[in-house]
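Engineer:
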Amino acid sequence: MNSPALAPKSPYGGGTPDSFVRLHGVSKRFQVAGHSRAILADLDLDIRRKEFIAILGESGCGKSTLLRLLCGLDSAYEGQILVDGVAPRIGNDEAGIVFQDPRLFPWLTVEQNIALGLARFSLARSEVQQRVSEHVALVGLAGFERALPHQLSGGMAQRVALARAIVARPAFLLLDEPFSALDALTRSQMHDQLLRIRAAADLTMLLVTHDVEEAVYLADRVVVMAPRPGPLRAAVDIDLAYPRNRADTAFQHERERLHALLGHGVNSFS
Ligand SMILES: Nc1ncnc2c1ncn2[C@@H]1O[C@H](COP(=O)(O)OP(=O)(O)O)[C@@H](O)[C@H]1O
Ligand SMILES: [Mg+2]
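Residue numbering for the sequence shown follows the working numbering, starting at 113 and increasing by one per position.
#1: Given this structure, state the Cα-to-Cα distance separating residue 155 from residue 237, to the nearest angstrom.
#2: For a test of the three-state rule: what should DSSP assign to residue 212, helix, strand or coil?
#3: Can you find the residues in the same chain that come closer than 8 Å, C-beta to C-beta, to residue 326, ignoring five residues on each side of it along the sequence?
#4: Out of curiosity, what's the CA-to-CA distance linking residue 355 and residue 218?
#5: Which runs of the beta strand (DSSP E) at least 3 residues long sit entirely within the region 218-274? Give them in chain order.
#6: Mind reading off the beta-carbon distance from residue 261 to residue 294? Whole number of angstroms is fine, and I expect it under 8 Å.
#7: Is residue 178 near ligand 1 - that is, is its Cβ less than 8 Å away from at least one heavy atom of it?
#8: In angstroms, rounded to a whole number, what distance separates the CA positions of residue 305 and residue 232?
#9: Rounded to a whole number of angstroms, what is the C-alpha to C-alpha distance between residue 253 and residue 150?
#10: Using three-state DSSP, classify residue 360 as helix, strand or coil.
#11: Which residue marks the beginning of the beta strand (DSSP E) containing residue 190, and which one marks its end?
#12: Comparing alpha-carbon positions, which option in 268, 284 and 170 lies nearest residue 297?
#13: Ligand 1 and residue 171: does the residue's C-beta get closer than 8 Å to at least one heavy atom of that ligand?
#14: Going by alpha carbons, who is nearest to residue 308 out of 288, 330 and 228?
#15: Measuring only the C-alpha atoms, how far is residue 157 from residue 273?
#16: Can you have a look at residue 174 and say buried or exposed, based on whether 16 or more other CB atoms are within 10 angstroms of its CB?
#17: Whose C-beta lies closer than 7 Å to the C-beta of residue 247 among residues of the same chain, with five residues either side of it excluded?
#18: So, using beta-carbon positions, are residue 190 and residue 282 closer together than 9 Å?
#19: Is residue 151 near ligand 1, with its Cβ less than 8 Å from a heavy atom?
#20: For residue 322, count neighbouring C-beta atoms within 10 Å of its own C-beta (all shown protein chains included) and say buried if the count is 16 or more, exposed if not.
#21: Exposed or buried, residue 202, counting other C-beta atoms within 10 Å across all chains shown (16 or more means buried)?
#22: What does DSSP give as the partner residues of residue 101 in its beta bridges?
#23: Measuring only from the beta carbon, is residue 320 closer than 8 Å to any heavy atom that is part of ligand 3?
#24: Please report the straight-line C-alpha distance between residue 337 and residue 209, rounded to a whole angstrom.
#25: What three-state label does DSSP hand residue 382 in the structure shown?
#26: Thinking C-beta only, is residue 230 closer than 9 Å to residue 244?
#27: Less than 8 Å between the CB atoms is what I'm expecting for residue 132 and residue 196, so what's the real figure, rounded?
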């Protein structure tokens, strides 16, 4: 059972099952060398509770910018963003985030790094220990609790970052190209791990990626971003049962459909 301090699910009750996350008319501009430059223009998107959504777009189209808005790291935008009925803000207990690089503290052990995800709650030491052990096991790092980040492979370090993001059991997990620095084999292992975590936890997930195959393998729905500044180009439901097989004709069909929406040649790979 979640303790009350760790179960901030629906504190405001504003979200609905069909719109756990809502973006309505969202635009974002940056000031660059005295000029205002539009990065996101008039985005509309609703994400259902427990949906796994991938946002696919070329490098520089504004994916990380969008993710920063969604987790409250940047609140200078126009339009409306609601996560479970409230505007995102830093320290929001509803959201966990994993970046492209693991961002671990090099002088802290694996378990100490994961425990940082609980630092804002006043929990008994024994409860912290128990939750950390649970999440060490969930990401397959049992036996490495006392290891330091430099003793880990890239994939292991990213699993620590994932455990830190979910140890407080957020309702919403945001992933910013978390696997793009990993080799292909590790990346596909991480995909399966993420799907196992999804099955074990009540998570709504948003993954931003430029990798078409990754999006098709993982997501219930893939949203394609146009080059900036533009509205979202398309939302494609991936109606394939899990676990998905990358070699299936249906899988390849979805992949080609998304490449075409991105404006790639049919046989090109991103
Ligand atoms: N703080 C900032 N100030 C000015 N321009 C920025 C800032 N952050 C991002 N940008 C610009 O916004 C665009 C989108 O960036 P980003 O969201 O990081 O793209 P993506 O994650 O899709 O690769 C880029 O052209 C980038 O240079
Ligand atoms: Mg980015």
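For every residue, glycine included, the Cβ atom is placed at its ideal position computed from N, Cα and C.
Structural biologist: With the given structure in hand:
#1: 43 Å
#2: Residue state, collapsed to three classes: coil.
#3: Excluding positions up to five away in sequence, the list reads 166, 291, 299, 303 and 319.
#4: Those two C-alpha atoms are separated by around 35 Å.
#5: none
#6: Residue 261 to residue 294, Cβ: 15 Å. No contact.
#7: yes
#8: The alpha-carbon separation between residue 305 and residue 232 amounts to approximately 27 Å.
#9: If you take the alpha carbons of residue 253 and residue 150, they lie about 42 Å apart.
#10: coil
#11: Segment 190-195, the beta strand (DSSP E) holding residue 190.
#12: 268
#13: yes
#14: Nearest of 288, 330 and 228 to residue 308, Cα basis: 330.
#15: 27 Å
#16: buried
#17: 226, 275, 278 and 279
#18: no
#19: yes
#20: When all chains shown are included, residue 322 counts as buried.
#21: So residue 202 ends up on the exposed side.
#22: Nothing can be reported for residue 101, as the shown portion of the chain is limited to 113 through 382.
#23: As far as ligands go, the structure on display features ligand 1 and ligand 2 and does not contain ligand 3.
#24: 20 Å
#25: With a pLDDT of 40 at residue 382, under the threshold of 50, the predicted position of this residue should be treated as unreliable, though the coordinate-derived value follows. Residue 382 falls in the coil class under three-state DSSP.
#26: Yes, the Cβ-Cβ distance between residue 244 and residue 230 is below 9 Å.
#27: 6 Å
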